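Participant: Residue numbers (UniProt numbering), protein chains in the order written: chain D, 1 to 238; chain V, 1 to 238.
Below is the structure I would like to discuss, written out as structure tokens.
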DNA sequence: GCTTGACCTTGCCCCAGGGGCAACGTTCGA
DNA sequence: TCGAACGTTGCCCCTGGGGCAAGGTCAAGC
């Protein structure tokens with residue numbers, strides 16, 4: 001007859017776990033010897049190994065309990081199900097591993113592939129990393145606030161970037177961030193921007209009156225501006 | 001600016017989880033709007049996705065917290081470690097799957113390969129499944145109570161089974177379980193057993209005076225006897 | 001016989017990672 | 001204007017045990 005420690009060692013668990021299984025009704029309480037120690041027999045060892053096998057496979061103890069005295073068909077079905085579950089979990093772990101690797105480089109992890117591609121295009125255009133981050137943050141907010149609009153807006157942005165004049169303006173605005181607010185190039189840039197805006201026929205998509213988006217855009221800009229940008233904004237409005 | 005629900009949906013978690021991360025200090029509490037609602041920006045979304053990526057990889061939240069503002073080297077090292085861990089867990093799951101499959105057939109799962117082989121030999125000899133179970137339970141107890149003795153005893157048992165007379169006696173004892181206690185074959189079997197025992201030179205191993213084992217054996221037998229076996233035992237002793 | 005160390009007993013609180021519910025305030029669209 | 005859907009805090013609950021306390025017990029060696 002075995003003590004709780006011997007039984008636990010045999011099954012590769014702690015004595016604590018064995019007592020836990022008693023509490024949860026998974027393992028029958030054995031008889032006690034004269035000193036009150038639990039004394040186990042081989043049947044307990046068999047059951048304990050079964051419990052561990054099922055629990056190691058990720059089955060909750062409550063289900064293990066039901067299953068221990070279920071008929072063979074139920075048992076087999078449960079085994080099959082758990083087996084499927086294990087395969088799913090392996091796949092999940094593989095995915096987690098891949099995600100983890102992404103964490104080290106780039107922002108593909110944080111935005112949809114569509115947006116990530118767009119950001120890469122900006123980079124190829126020579127846009128500063130600061131500006132790319134600003135864009136990324138804007139798209140994250142948009143994606144979170146109204147995901148169904150993202151595709152349309154991305155398409156619109158792409159359409160604009162196809163216009164050489166817009167591309168030039170975009171890059172100059174980007175560069176202007178670091179200029180002095182008194183930089184003589186600012187009035188000229190403002191003028192060119194207004195000219196472009198006047199000649200530019202706003203598309204359907206752009207006129208979408210989504211107040212959420214409008215407020216969102218305003219906030220995003222507000223967070224990260226510079227003296228030169230502030231002046232530029234005033235010059236364009238005036 | 002996002003509400004907690006939008007942020008949570010974006011990262012694929014529950015609002016409860018987001019609040020949990022605030023409590024644990026993983027995610028900075030954002031400002032509140034006039035009604036007391038939390039209002040999040042893109043930075044929160046970035047951090048939240050990072051948190052989930054690390055947590056999904058099995059990292060405890062406490063470590064995630066430390067890692068979120070660690071230097072890149074520490075971060076990379078931690079990533080590598082977690083990656084190793086994931087691979088280990090995948091291997092573990094695979095093992096669990098294999099064990100699970102074993103659960104459906106035989107008792108290889110419960111005893112060492114050595115003992116399982118021995119039990120299979122008994123089966124080939126035509127020993128009843130009842131007797132094989134009895135043996136199995138005995139070996140489980142021995143393995144749990146004093147694993148270092150198992151190999152020696154198994155070898156001894158094998159040596160005995162090589163003796164044709166012992167094999168015959170073993171099988172007849174097995175069969176006698178179901179006999180009536182008045183069966184006329186019992187006295188003859190007892191006599192043959194005594195003759196064999198007298199002519200049998202007990203080996204070194206057999207005389208090992210392990211009182212634990214002796215008590216153990218006695219208990220095992222006591223649990224599963226039959227009227228015929230009881231009579232047989234009395235006949236042999238007398 | 002005595003000590004020492006390893007074992008056993010019960011009981012209680014602790015952890016992650018949230019879920020669920022209460023009881024209430026806010027916002028938004030029809 | 002009203003109801004649904006969302007937000008707030010706070011509390012207790014779950015799993016699968018770990019850790020520790022405050023003892024009782026057992027076997028070995030001296």
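Where is the CB? At the ideal position from N, CA and C, for every residue including glycine.
Remember, predicted model here, so these are calculated numbers, not experimental data.
Would you say residue 46/D faces chain V, with C-beta separation under 9 Å as the test?
Facilitator: yes
Participant: Quick one: what's got a C-beta closer than 6 Å to residue 230/V's C-beta in the same chain, skipping five residues either side?
Facilitator: none
Participant: For residue 4/D, decide whether its Cβ has a neighbour in chain V, counting only Cβ atoms nearer than 9 Å.
Facilitator: no
Participant: Ends of the alpha helix (DSSP H) at residue 191/D?
Facilitator: 185–199
Participant: Check whether the Cβ of residue 22/V lies closer than 9 Å to any Cβ atom in chain D.
Facilitator: no
Participant: Could you check where the alpha helix (DSSP H) with residue 37/V kicks off and where it finishes?
Facilitator: Here residue 37/V belongs to no alpha helix (DSSP H), and DSSP marks it neither H nor E.
Participant: Listing by chain order, which chain D residues have their CB less than 7 Å from the CB of residue 182/V?
Facilitator: Residues of chain D passing the Cβ test: none, with the nearest at roughly 31 Å.
Participant: In angstroms, rounded to a whole number, what distance separates the CA positions of residue 134/V and residue 141/V?
Facilitator: 11 Å
Participant: Just to check my reading of the structure: residue 194/D and residue 154/D have Cβ atoms closer than 8 Å, yes? What is that Cβ distance to the nearest angstrom?
Facilitator: With a Cβ gap of about 26 Å, residue 194/D and residue 154/D do not count as contacting.
Participant: Quick check on residue 138/D - is its C-beta less than 9 Å from some C-beta in chain V?
Facilitator: yes
Participant: Check for me: the alpha helix (DSSP H) holding residue 132/V runs from which residue to which?
Facilitator: Unbroken alpha helix (DSSP H) run through residue 132/V: 129–145.
Participant: Can we say the segment 36–51 of chain V touches the segment 1–11 of chain V, given the rule of at least three CB pairs closer than 8 Å?
Facilitator: Here the segment 36–51 of chain V lies against the segment 1–11 of chain V, with 3 or more beta-carbon pairs under 8 Å apart.
Participant: At the 9 Å Cβ level, is residue 118/V part of the contact set with chain D, yes or no?
Facilitator: Chain D, which has no Cβ nearer than 9 Å to the Cβ of residue 118/V, makes this no.
Participant: Going by the DSSP bridge assignment, what does residue 2/V pair with across the sheet?
Facilitator: 40/V.
Participant: Within the chosen definition, does the segment 121–139 of chain D reach the segment 58–74 of chain V through at least 3 CB pairs nearer than 8 Å?
Facilitator: no
Participant: Could you tell me whether the Cβ of residue 37/D comes closer than 9 Å to any Cβ of chain V?
Facilitator: No, its Cβ sits nowhere closer than 9 Å to a Cβ of chain V.
Participant: So, is the C-beta of residue 115/V closer than 9 Å to a C-beta in chain D?
Facilitator: no
Participant: Counting pairs of beta carbons, one from the segment 109–116 of chain D and one from the segment 69–88 of chain D, are three or more of them closer than 8 Å?
Facilitator: At 8 Å Cβ cutoff, the stretches do not touch.
Participant: Am I right that residue 79/D and residue 94/V are in contact with their C-beta atoms under 8 Å? What's the rounded C-beta distance?
Facilitator: So it is not a contact: roughly 16 Å between Cβ atoms.
Participant: I'd like to know whether the C-beta atoms of residue 147/V and residue 181/V end up nearer to each other than 9 Å.
Facilitator: No. Outside cutoff.
Participant: If you reduce the DSSP assignment to three classes, tell me which class residue 18/V lands in.
Facilitator: helix
Participant: Please classify residue 177/D: does DSSP put it in a helix, a strand, or coil?
Facilitator: coil
Participant: Measure from the alpha carbon of residue 48/D to the alpha carbon of each residue in 71/D, 35/D, 184/D, 21/D, then state which is nearest.
Facilitator: 21/D
Participant: By the criterion of Cβ-Cβ separation under 7 Å, what are the contact partners of residue 26/V in chain D?
Facilitator: Those do not exist, as residue 26/V stays about 15 Å from chain D at its closest Cβ, beyond 7 Å.
Participant: My assumption, with CB atoms under 8 Å, is that residue 189/D sits in contact with residue 125/D. Please give the rounded CB distance.
Facilitator: Not a contact, Cβ separation roughly 17 Å.
Participant: Could you please give the first and the last residue of the uninterrupted alpha helix (DSSP H) stretch that includes residue 227/D?
Facilitator: For residue 227/D, the uninterrupted alpha helix (DSSP H) run begins and ends at 227–237, by DSSP.
Participant: Shorter than 9 Å from the beta carbon of residue 100/D to some beta carbon of chain V?
Facilitator: Closer than 9 Å: yes.
Participant: Just to confirm my understanding: we take residue 15/D, look at its own chain, exclude 5 residues before and 5 after, and list those with CB closer than 7 Å. What are they?
Facilitator: 4, 5, 8
Participant: Candidates 138/D, 101/D, 83/D: which alpha carbon is nearest residue 119/D's?
Facilitator: 138/D
Participant: Can the beta-carbon of residue 99/D be found closer than 9 Å to that of residue 66/V?
Facilitator: Between residue 99/D and residue 66/V, the C-beta spacing is not below 9 Å.
Participant: What would DSSP say about residue 112/D, mapped onto helix, strand or coil?
Facilitator: coil
Participant: Taking CB distances under 9 Å as the criterion, tell me whether residue 43/V reaches chain D.
Facilitator: yes
Participant: Tell me whether residue 101/V sits in a helix, a strand or coil according to DSSP, three-state version.
Facilitator: Residue 101/V: helix per DSSP, three-state reduction.
Participant: With distances taken from CA atoms, which of 12/D, 35/D, 50/D is nearest residue 27/D?
Facilitator: 50/D
Participant: Sort 84/V, 165/V, 157/V by Cα distance to residue 199/V and report the nearest one.
Facilitator: 165/V
Participant: Please tell me whether residue 77/V and residue 2/D are closer than 9 Å, where the distance is taken between their beta carbons.
Facilitator: no
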